[in-house]
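Residue numbers (UniProt numbering): 1 to 152.
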């Protein structure tokens, strides 16, 4: 009998253990799950993702990092408000597949957890603020100086 390529995701729910992980996080292999099934995913380009991680600090939910593709995926709760797109981040459509790393993979050159699940979720407004930064005050432009033409 042949083994399936991907494990059954539901078999990994162990809420009673000390190393509890959500049911959608695989224990054995990196698996692929569609956005919109368990969470919403915001795809953020490389350096901006690191900047957001630094600014948000401990107040952050799960984040998957893919150094090879130079992107990170911030996983948001489905019940949170709407996502407002930014220049470097976009909300993935439902059904878009995201690679979910094994529970214990926290570093490396392949897909890994930059922030593992279990600390809650990221507030979409705080994430957007970290990505966009504070809005600069509009510059006031001085009116042109009135000069007199020299008389001939």
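Backbone N, C-alpha and C define an ideal beta-carbon position, used for all residues, glycine too.
For a quick check, are the C-beta atoms of residue i and residue j less than 7 Å apart?
i, j, result
"residue 48", "residue 131", "yes"
"residue 111", "residue 34", "no"
"residue 99", "residue 32", "yes"
"residue 124", "residue 81", "yes"
"residue 103", "residue 25", "yes"
"residue 117", "residue 30", "no"
Can you list, in chain order, the residues of its chain whose CB lies under 8 Å from that of residue i, leaving out five sequence neighbours each side?
i, result
"residue 133", "none"
"residue 56", "122, 126, 127, 130"
"residue 115", "53, 60, 61, 62, 63"
Which whole-angstrom value is the C-beta distance of residue i and residue j, which I expect to be below 8 Å?
i, j, result
"residue 158", "residue 127", "Past the boundaries of the shown model lies residue 158; the chain is included only from 1 to 152, so the question cannot be answered."
For residue i, which residues of its own chain have a beta-carbon under 6 Å away from its beta-carbon, when the five flanking residues on both sides are left out?
i, result
"residue 105", "112"
"residue 91", "42, 83"
"residue 107", "none"
"residue 21", "103"
Consult DSSP for residue i and reduce its assignment to one of helix, strand or coil.
i, result
"residue 143", "coil"
"residue 82", "coil"
"residue 93", "coil"
"residue 132", "helix"
"residue 48", "helix"
"residue 34", "strand"
"residue 58", "coil"
"residue 114", "strand"
"residue 126", "helix"
Output needed for residue i: all residues of its chain with C-beta closer than 7 Å, excluding positions within five of it in sequence on either side, in chain order.
i, result
"residue 77", "39, 121"
"residue 46", "70, 71"
"residue 67", "109"
"residue 52", "44, 127, 130, 131"
"residue 145", "none"
Quiz item: Does the pairing of the segment 54-68 with the segment 81-89 give three or more beta-carbon distances under 8 Å?
Solution: Here the segment 54-68 does not lie against the segment 81-89, with fewer than 3 beta-carbon pairs under 8 Å apart.
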